[in-house]
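Undergrad:
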Amino acid sequence: MLVVVVSCVIAVGWMAAKDFAKPTAQPAKTYPLHDEHSDEKVAAAVDAYDSPEKAQIFNVKWNEEGFLPIFLVISNDSDQPILLSGMQAQLITGHREKVPAATNDELYRRLSHVNASGPKYPLPFPRTKVKGAVGKKALEEMNAAQFSAKAVEPHSTQSGFVFFDVSGISSPLDRARFYLTGLRDSKGSDLLYFEINFPN
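Quick look at the structure:
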């Protein structure tokens with residue numbers, strides 16, 4: 110019995126300390142929710158990680174922190190690179206609430222449970238570093254999970270998570286629309302925006 114208990118404790122500890130592994134992306138047009146620009150030979154797809162089963166890949170409880178993780182996939186089947194330095198993602202809910210993708214700083218502040226104005230102290234006592242409130246594993250996951258590519262090379266796919274602050278919004282994906290703008294071709298010309306509709 111003691112061996113079983115010890116084994117269970119070790120297993121639980123290992124699971125709690127697991128490293129985040131980003132999902133392997135498939136070509137964007139193979140996902141149920143995608144928008145393909147056949148003329149430009151570029152496609153974008155989204156996959157919301159809003160269920161407890163899907164959220165198990167994360168160590169951070171993003172849903173409990175008020176964030177909705179959406180896996181974004183961009184595939185470039187053209188012969189020229191697609192530039193992403195000006196890319197912007199936005200979620201428009203069924204109630205027409207416009208929610209931009211959270212920045213790295215916004216994610217950091219939420220995980221450290223500090224508001225944008227910073228903590229207020231009534232007395233001039235020595236302060237500890239607020240950033241220390243975010244654990245190493247959480248920081249590693251935040252950096253590894255986010256969509257960070259600056260370009261999509263010809264005949265390749267890039268992917269990563271974008272996070273939306275949906276705290277206080279009920280059923281944020283019901284009749285929601287995902288917009289992706291700011292993608293450019295190798296000459297610097299804007300591509301048409303991508304629009305992906307979530308089902309009712």
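Residue 280 in this note's numbering sits at position 171 of the sequence shown, and the numbers go up by one each step. Beta carbons: idealized from backbone N, C-alpha and C, even for Gly.
1) Ends of the alpha helix (DSSP H) at S221?
2) With 16 other CB atoms within 10 Å as the buried threshold, where does S226 fall?
3) So is N185 buried or exposed if we call it buried at 16+ other beta carbons inside 10 Å?
4) Quick check on the DSSP output: the beta strand (DSSP E) that includes A157 runs from which residue to which?
5) How about the segment 133-143 and the segment 153-163: do they share at least three Cβ pairs that are nearer than 8 Å?
6) What is the rounded straight-line gap between the Cα of L177 and the Cα of I278?
7) To the nearest whole angstrom, what separates the beta carbons of V271 and F256, a pair I think is in contact under 8 Å?
8) From V275 to E174, what distance separates their C-alpha atoms?
9) Would you say L193 and G291 are within 9 Å of each other, going by their C-beta atoms?
10) Is the beta carbon of L289 sitting closer than 9 Å to the one on A198?
11) Based on Cα-Cα distance, which residue from K245, A253, R205 and P136 lies nearest to I166?
12) Measure the alpha-carbon distance for H146 versus T266 and round it to whole angstroms.
TA: Taking the geometry as given:
1) To locate residue 221, count along the sequence shown from 1; it is residue 112. Secondary structure note for S221: its alpha helix (DSSP H) is the uninterrupted segment N213 to S221.
2) Counting from 1 along the sequence shown, the entry for residue 226 is found at position 117. Confidence at S226 is low in this model, with a pLDDT of 48, below 50, so its placement is unreliable and the value that follows should be read with caution. Counting Cβ neighbours within 10 Å, S226 comes out exposed, since fewer than 16 surround it.
3) Sequence index remark: in the sequence shown, residue 185 carries index 76 (1-based). Buried, by the Cβ-count rule.
4) Within the sequence shown, the letter at position 48 stands for residue 157. Counting along the chain, the beta strand (DSSP E) containing A157 begins and ends at V151 to A157.
5) yes
6) Numbered from its first residue, the sequence shown carries residue 177 at position 68. Numbered from its first residue, the sequence shown carries residue 278 at position 169. Straight-line Cα distance between these residues: approximately 11 Å.
7) The sequence position of residue 271 within the sequence shown is 162, counting from 1. The sequence position of residue 256 within the sequence shown is 147, counting from 1. The Cβ separation is near 6 Å, so the contact holds.
8) Locating residue 275 in the sequence shown gives position 166, counting from the first residue. Locating residue 174 in the sequence shown gives position 65, counting from the first residue. Near 9 Å, if we compare the C-alpha coordinates of E174 and V275.
9) Here the question's residue 193 lines up with position 84 in the sequence shown. Here the question's residue 291 lines up with position 182 in the sequence shown. For L193 and G291, yes; Cβs fall inside 9 Å.
10) Along the sequence shown, read from residue 1 onward, the residue named residue 289 stands at position 180. Along the sequence shown, read from residue 1 onward, the residue named residue 198 stands at position 89. Contact: yes.
11) As a first step, residue 166 is located in the sequence shown; it is residue number 57 there, counting from the start. Taking only the C-alpha atoms, the option nearest I166 is A253.
12) Stepping through the sequence shown from its first residue, residue 146 is reached at position 37. Stepping through the sequence shown from its first residue, residue 266 is reached at position 157. Each residue's Cα considered, the two are about 15 Å apart.
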